[in-house]
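Structure, as structure tokens:
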Amino acid sequence: MDVIVVFLIICGLIFFTGGAVGILRFPDFYSRLHPAGKLDTGGALLIMVALALFNLHHFSLSTLLTGFKIILIVVFVFLSSPTAIHGIVDAGVRAGLGPWTKKND
Amino acid sequence: MRILGIIVVILTGALLIYAMGDFPSWADPASPAHNHVSPRYIEKSLEQTSVPNIVTAVLADYRGYDTMFETTVVFAAGVVCFFLLRIPRKDEPTVRRYRHTLTGMTIRVKETRQIPPVLEEFERIDTLWAPHDLIIKTCCRILVPFLQLFGLYVIAHGHHSPGGGFQGGVILGASMILLAISHDLRTAIGRMSERVHAILCPAGVFIYAGTGALCMVLGLNFLDYGALAGILHVDPVTARSHGILIVEIGVGLAVMATMIWIYNNISSKGKYDEGL
Amino acid sequence: MDTFFLGCGLYLSFLMVLSLYRAVFGPTVLDRLIGVNAIGSKTAVLLILIGLIYHRVDMFVDIALAYAMLNFIAVLAASRYFQKRKGLFGE
Amino acid sequence: MIWQLDLAILTLVVIAAIGAIAIKDLLGSAILFGAYSFMMCLLWAIMGAVDVAFTEASVGAGVSTVFFVAAVFRTTRRTKD
Amino acid sequence: MKAQAQGKAIHHEPARESDSRPVVPSHGTARSLLSYAMAFFILFCLWVILSGKFDLFHLSLGVISCLMVTLFSKDLLFPEPRTAGSFAIWIRFIRYIPWLLYQIFMANLHVLYLVFHPKMMDLIDPQIFRLQSSLKGDLALVTFANSITLTPGTITVYVSIDGTFTVHALDKQSREGLPGEMERRIAKAFGEE
Chain B
4 MDVIVVFLII CGLIFFTGGA VGILRFPDFY SRLHPAGKLD TGGALLIMVA LALFNLHHFS
64 LSTLLTGFKI ILIVVFVFLS SPTAIHGIVD AGVRAGLGPW TKKND
Chain H
106 MRILGIIVVI LTGALLIYAM GDFPSWADPA SPAHNHVSPR YIEKSLEQTS VPNIVTAVLA
166 DYRGYDTMFE TTVVFAAGVV CFFLLRIPRK DEPTVRRYRH TLTGMTIRVK ETRQIPPVLE
226 EFERIDTLWA PHDLIIKTCC RILVPFLQLF GLYVIAHGHH SPGGGFQGGV ILGASMILLA
286 ISHDLRTAIG RMSERVHAIL CPAGVFIYAG TGALCMVLGL NFLDYGALAG ILHVDPVTAR
346 SHGILIVEIG VGLAVMATMI WIYNNISSKG KYDEGL
Chain V
5 MDTFFLGCGL YLSFLMVLSL YRAVFGPTVL DRLIGVNAIG SKTAVLLILI GLIYHRVDMF
65 VDIALAYAML NFIAVLAASR YFQKRKGLFG E
Chain G
9 MIWQLDLAIL TLVVIAAIGA IAIKDLLGSA ILFGAYSFMM CLLWAIMGAV DVAFTEASVG
69 AGVSTVFFVA AVFRTTRRTK D
Chain P
14 MKAQAQGKAI HHEPARESDS RPVVPSHGTA RSLLSYAMAF FILFCLWVIL SGKFDLFHLS
74 LGVISCLMVT LFSKDLLFPE PRTAGSFAIW IRFIRYIPWL LYQIFMANLH VLYLVFHPKM
134 MDLIDPQIFR LQSSLKGDLA LVTFANSITL TPGTITVYVS IDGTFTVHAL DKQSREGLPG
194 EMERRIAKAF GEE
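Going line by line, the protein sequences match chains B, H, V, G and P. Quick note: the first sequence, position 9, residue 12 per the working numbering, numbers continuous. Quick note: the second sequence, position 154, residue 259 per the working numbering, numbers continuous. Quick note: the third sequence, position 73, residue 77 per the working numbering, numbers continuous. Quick note: the fourth sequence, position 77, residue 85 per the working numbering, numbers continuous. Quick note: the fifth sequence, position 155, residue 168 per the working numbering, numbers continuous.
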């Protein structure tokens with residue numbers, strides 16, 4: 004059980020690392036949104052699931068409900084994160100920010 | 106001038122860090138803060154009020170006056186925003202914009218004396234053009250009821266978990282603000298009009314103060330909820346717990362209404378027509 | 005296991021520094037917004053980790069839930085600003 | 009009290025606060041103030057003051073940033089400094 | 014070309030647009046009651062998960078809160094009463110989720126590879142392109158848009174009313190994957206085949 008939890012958490016941390024490094028490395032605003040939108044969501048999913056599993060060690064009704072609450076956080080993150088990313092990218096387009104392409108490099 | 110400022114800041118910081126050495130260390134049982142009333146709260150609050158969360162018991166019962174005037178301060182903030190910003194005279198903008206919902210085209214209506222009739226296919230949009238954003242509208246529409254339920258949960262469970270009137274009220278207010286941001290301000294005002302939230306705000310303060318006054322009428326001190334035992338038909342300890350819940354509901358109403366009031370006034374410059 | 009969680013928390017706060025770099029030095033305001041959004045998603049995880057270290061998850065999970073919802077509102081409001089006022093390079 | 013995590017978060021609080029002051033653009037400053045508020049919430053949570061952390065999370069992260077952005081939206085964005 | 018597509022959309026649109034408009038007063042009382050009950054049921058499940066206390070006092074508080082929220086904002090949850098009753102959509106939507114999770118995992122690996130690649134600048138080729146989707150309902154369109162945002166190197170920039178998606182793609186490989194299987198699966202989940 005612990006092995007699964009540790010494995011999932013380490014995977015999630017790798018995803019988070021990718022998100023943070025990607026935000027620093029990518030050339031323009033639009034491509035920075037890709038790691039921020041995807042890798043952070045995926046990392047949050049993996050770590051939350053792992054913590055919910057770890058929480059079930061002492062199995063009882065209250066820990067089960069707490070696990071459900073953690074899963075609920077994941078659901079809300081999955082609903083709100085793409086929407087926030089979409090809002091930011093739409094704002095960028097409306098504000099007139101040109102995307103970085105290979106040609107004008 | 107800048108260098109002088111930096112020197113003053115560094116000197117003050119050094120003084121503060123020097124003074125920090127005299128602090129008692131963290132969680133020191135001998136420090137003054139842990140010696141006067143804290144042990145009494147920790148030992149007695151569960152048997153006197155039957156509230157597991159000591160912070161809530163202290164906030165709403167032992168220090169009831171404090172919280173009541175905090176609520177009054179929040180209420181005052183709302184009233185101040187209202188009096189500073191609200192423009193009661195209705196001056197209609199000369200240009201109105203409508204969107205045809207089937208095709209997404211926008212129409213400008215200029216300088217008309219009479220307001221065009223409300224049509225099914227047209228919806229009014231703000232003068233600063235905002236796109237018809239399907240994703241944001243749909244997601245926020247689904248999220249708002251859950252946010253409201255969560256706010257009510259936080260208010261109702263102030264006894265057992267962190268939270269209470271202030272936090273729950275802010276979350277409830279945030280749900281209406283989310284509606285105003287994702288759709289537009291007119292939708293949110295149509296759901297909860299200015300009159301409603303202007304009444305709810307003093308009503309929350311009134312519930313708080315009225316509960317205290319009721320206790321006084323029933324023969325005990327102001328805000329001594331044990332007096333409610335006769336009305337609620339429970340023993341005094343449970344009555345104190347219920348009294349705390351009633352007070353928290355009052356705080357929640359006042360904070361929610363104030364948040365919506367301030368947001369509407371700031372974002373529409375007091376005109377209540379177009380928001381952020 | 006607590007030590008492992010503590011290490012995870014420290015690592016997450018290190019990643020927050022990287023995101024904060026983008027938030028402080030970002031060329032445009034929207035880059036700052038991305039940085040703050042990334043910090044917000046890490047904060048919710050970190051709160052639950054702290055809860056597990058203190059063995060009181062049931063308390064901290066409420067805060068994390070409130071966080072996941074409210075962070076979203078702030079980001080949405082800031083992006084709404086740009087949809088209405090188009091000046092991006094206002095600095 | 010976990011002093012390692014406490015120290016790390018405290019450093020972040022200082023960085024975010026200095027950044028929020030140093031930026032000339034008022035909108036960016038408001039956004040960074042939101043990040044500062046995240047860090048303060050974490051700091052309260054580490055100290056064990058759960059109620060204060062909840063208040064900071066709900067007021068600081070969500071609503072106050074929205075108020076700042078709305079105020080900037082209705083006034084001007086440049087500082088005269 | 015685009016105007017033509019829009020015109021085509023307009024011609025066969027009014028029939029479906031008029032019943033998927035946001036707030037339309039419903040006349041079928043039974044449908045409306047069913048959607049109220051459904052909203053109340055979902056909210057009460059959420060309350061039980063959140064609360065975790067099963068004594069009478071807290072449950073009655075929960076009933077009162079859920080009734081308040083249901084009366085205040087039921088039309089936000091189910092703008093058209095029809096969707097509340099169709100359990101088939103719920104079940105098919107739940108069956109869509111595991112596939113989506115798998116896709117998200119693969120997408121994350123792909124972006125991770127790009128992020129840590131030393132010659133990242135040569136690999137990526139960001140472009141904005143459009144695609145025409147045949148999905149109809151609002152919820153289906155939003156689900157498709159959010160799935161696009163969550164999966165390989167693509168972000169939805171804008172969705173127009175007639176189902177034209179503007180998508181920002183990170184590289185060539187992710188551009189080719191769309192619309193493809195995802196749209197088919199979503200159409201199946203929402204019963205729009």
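Note that beta-carbon positions come from the ideal geometry of N, C-alpha and C, so glycine has one too. All values reported here derive from a predicted model rather than from experimental measurement.
Inset, instruction - Kindly indicate if chain G contains any beta-carbon less than 8 Å away from that of residue 62(V). - result: The residue you call residue 62(V) lines up with position 58 of the third sequence. Taking Cβ atoms only, chain G never reaches closer than 8 Å to residue 62(V), which makes this a no.
Inset, instruction - Give the residues of chain G in contact with residue 371(H), contact being defined as C-beta atoms less than 8 Å apart. - result: Taking the second sequence and counting its residues from 1, the one referred to as residue 371(H) is at position 266. Within 8 Å Cβ-Cβ: 75, 78, 79, 82.
Inset, instruction - Report back the beta-carbon spacing between residue 56(G) and residue 74(V) to the nearest angstrom; my notes put them in contact at under 8 Å. - result: Taking the first residue of the fourth sequence as 1, we reach residue 56(G) at position 48. Taking the first residue of the third sequence as 1, we reach residue 74(V) at position 70. That belief does not hold up - the Cβ atoms of residue 56(G) and residue 74(V) are roughly 22 Å apart, past 8 Å.
Legend entry - Spatial distance of residue 11(P) from residue 294(H) (CA atoms): Residue 11(P) lies beyond the residue range present for chain P, which begins at 14 and ends at 206; the question has no answer from this structure.
Legend entry - chain H within 8 Å of residue 197(P), Cβ atoms only: Here residue 197(P) refers to the residue found at position 184 of the fifth sequence. It does not; no Cβ of chain H falls within 8 Å.
Inset, instruction - Residues of the stretch 34–64 of chain V with a CB closer than 7 Å to any CB of chain G: list them in chain order, please. - result: 36, 37, 40, 43, 44, 47, 50, 51, 54, 57, 63, 64
Inset, instruction - Assess, as a yes-or-no matter, whether the stretch 206–216 of chain H is touched by the stretch 14–28 of chain V under the definition of 3 or more beta carbon pairs within less than 8 Å. - result: no
Legend entry - Inter-residue spacing [alpha-carbon to alpha-carbon] between residue 105(P) and residue 247(H): Working through the fifth sequence from its first residue, we reach residue 105(P) at position 92. Working through the second sequence from its first residue, we reach residue 247(H) at position 142. If I take the Cα positions, the gap works out to 19 Å.
Inset, instruction - Reducing DSSP to helix, strand and coil, say where residue 226(H) ends up. - result: Stepping through the second sequence from its first residue, residue 226(H) is reached at position 121. Residue state, collapsed to three classes: coil.
Inset, instruction - Drop a sphere of 10 angstroms on the beta-carbon of residue 175(P), count the other beta-carbons inside from all chains shown, and report buried for 16 or more, exposed for fewer. - result: What you label residue 175(P) is simply residue 162 of the fifth sequence in a count that begins at 1. With 16 or more other Cβ atoms within 10 Å, it is buried.
Legend entry - Residue span of the alpha helix (DSSP H) that contains residue 56(P), given as start and end: Counted from its first residue, the fifth sequence places residue 56(P) at position 43. Per DSSP, residue 56(P) belongs to the alpha helix (DSSP H) from 42–64.
Inset, instruction - Please report how far the alpha carbon of residue 308(H) lies from the alpha carbon of residue 54(G), in whole angstroms. - result: Walking along the second sequence from the start, residue 308(H) turns up at place 203. Walking along the fourth sequence from the start, residue 54(G) turns up at place 46. Cα to Cα, residue 308(H) sits roughly 36 Å from residue 54(G).
Legend entry - Entirely enclosed alpha helix (DSSP H) segments - the stretch 10–93 of chain V, minimum 4 residues: 33–58, 61–88
Inset, instruction - Specify, as a first and last residue, the run of the alpha helix (DSSP H) that residue 107(H) falls within. - result: Your numbering for residue 107(H) matches position 2 in the second sequence. Looking at the DSSP string, the run of the alpha helix (DSSP H) that includes residue 107(H) is 107–125.
Legend entry - Where the alpha helix (DSSP H) containing residue 215(H) begins and where it ends: On the second sequence, residue 215(H) is found 110 positions in, with the first residue counted as 1. Note, residue 215(H): premise wrong, no alpha helix (DSSP H); beta strand (DSSP E) at 211–215.
Legend entry - Alpha-carbon spacing of residue 30(P) relative to residue 207(H), whole angstroms: Taking the fifth sequence and counting its residues from 1, one reaches residue 30(P) at position 17. Taking the second sequence and counting its residues from 1, one reaches residue 207(H) at position 102. In this prediction, residue 30(P) scores a pLDDT of 38, lower than 50, which makes its location untrustworthy; the coordinate-derived value is nonetheless stated afterwards. Between residue 30(P) and residue 207(H), the C-alpha separation is close to 7 Å.
Legend entry - Supposed contact pair residue 43(B) and residue 22(B) - C-beta distance, whole angstroms, cut 8 Å: Translated into the one-based positions of the first sequence, residue 22(B) becomes position 19. Translated into the one-based positions of the first sequence, residue 43(B) becomes position 40. That pair is a contact at about 5 Å.
Legend entry - DSSP state of residue 128(H) mapped onto helix, strand, coil: What you label residue 128(H) is simply residue 23 of the second sequence in a count that begins at 1. Of the three classes helix, strand and coil, the one that applies to residue 128(H) here is coil, per DSSP.
Inset, instruction - Assign residue 36(P) to buried or exposed, taking buried as 16 or more other Cβ atoms, counted over all protein chains shown, within 10 Å of its Cβ. - result: Looking up residue 36(P) in the fifth sequence gives position 23. Any reading at residue 36(P) needs caution, since the residue's pLDDT is 47, under 50, leaving its predicted position unreliable; the model's value is listed next. Exposed: under 16 other Cβ atoms inside 10 Å.
Inset, instruction - Throw me the rounded Cβ distance for the residue 66(B) and residue 59(B) pair, which I believe falls under 8 Å. - result: The residue you call residue 66(B) lines up with position 63 of the first sequence. The residue you call residue 59(B) lines up with position 56 of the first sequence. Indeed they touch by this definition, with Cβ atoms about 6 Å apart.
Legend entry - Identity of the residues DSSP links to residue 169(P) by a beta bridge: Residue 169(P) sits at position 156 when you count from the first residue of the fifth sequence. In the DSSP output, where bridge partners are listed per residue, residue 169(P) has 180(P).
Inset, instruction - Less than 8 Å between the CB atoms is what I'm expecting for residue 38(G) and residue 80(G), so what's the real figure, rounded? - result: In the fourth sequence, counting from the first residue as 1, residue 38(G) sits at position 30. In the fourth sequence, counting from the first residue as 1, residue 80(G) sits at position 72. The Cβ separation is near 6 Å, so the contact holds.
Inset, instruction - Starting from residue 204(H), follow its DSSP beta bridges and name the residues at the other end. - result: Numbered from its first residue, the second sequence carries residue 204(H) at position 99. DSSP output for residue 204(H) lists 211(H), 228(H) as bridge partner(s).
Legend entry - Short CB-CB distance (under 8 Å) between residue 63(P) and chain B: In the fifth sequence, counting from the first residue as 1, residue 63(P) sits at position 50. Yes, contact with chain B.
Inset, instruction - Take every Cβ of the stretch 310–318 of chain H, pair it with every Cβ of the stretch 347–360 of chain H, and state whether three or more of those distances are shorter than 8 Å. - result: yes
Inset, instruction - Specify the secondary structure class of residue 141(P) as computed by DSSP and reduced to three states. - result: The count along the fifth sequence starts at 1 and reaches residue 141(P) at position 128. DSSP places residue 141(P) in strand when its eight states are reduced to three.
Inset, instruction - Return the residue from the list 303(H), 252(H), 202(H), 340(H) that minimises the CA-CA distance to residue 368(H). - result: Stepping through the second sequence from its first residue, residue 368(H) is reached at position 263. Nearest option by C-alpha distance: 303(H).
Inset, instruction - Could you check what DSSP says for residue 37(B) in three-state terms: helix, strand or coil? - result: Here residue 37(B) refers to the residue found at position 34 of the first sequence. Note: residue 37(B) maps to helix in three-state DSSP.
Inset, instruction - Could you check if residue 245(H) is buried or exposed, using at least 16 other CB atoms within 10 Å of its CB as the buried criterion? - result: The residue given as residue 245(H) occupies position 140 in the second sequence. Label assigned to residue 245(H): buried.
Legend entry - Validate contact between the stretch 331–340 of chain H and the stretch 140–150 of chain H using beta carbons, cut 8 Å, 3 pairs: no
Legend entry - 7 Å Cβ shell around residue 65(V) - same chain, five flanking residues per side excluded: In the third sequence, the residue the question calls residue 65(V) occupies position 61. If we look at residue 65(V) and ignore the five residues flanking it on each side, its Cβ neighbours are 52, 55.
Inset, instruction - Determine, using beta carbons only, whether residue 327(H) comes closer than 8 Å to chain V. - result: The sequence position of residue 327(H) within the second sequence is 222, counting from 1. Cβ-Cβ to chain V under 8 Å: no for residue 327(H).
Legend entry - Runs of beta strand (DSSP E) wholly within the stretch 224–312 of chain H (minimum 3 residues, chain order): 227–230
Legend entry - Boundaries of the alpha helix (DSSP H) in which residue 44(G) is found, first to last residue: Here residue 44(G) refers to the residue found at position 36 when the fourth sequence is read from its first residue. Taken as a continuous stretch (DSSP letters only), the alpha helix (DSSP H) holding residue 44(G) covers 34–55.
Legend entry - Residue span of the alpha helix (DSSP H) that contains residue 48(H), given as start and end: Since the first residue shown for chain H is 106 and the last is 381, residue 48(H) is missing from the structure and cannot be characterised.
Inset, instruction - Check whether the stretch 273–282 of chain H touches the stretch 255–264 of chain H, taking contact to mean three or more Cβ pairs, one atom from each stretch, closer than 8 Å. - result: yes
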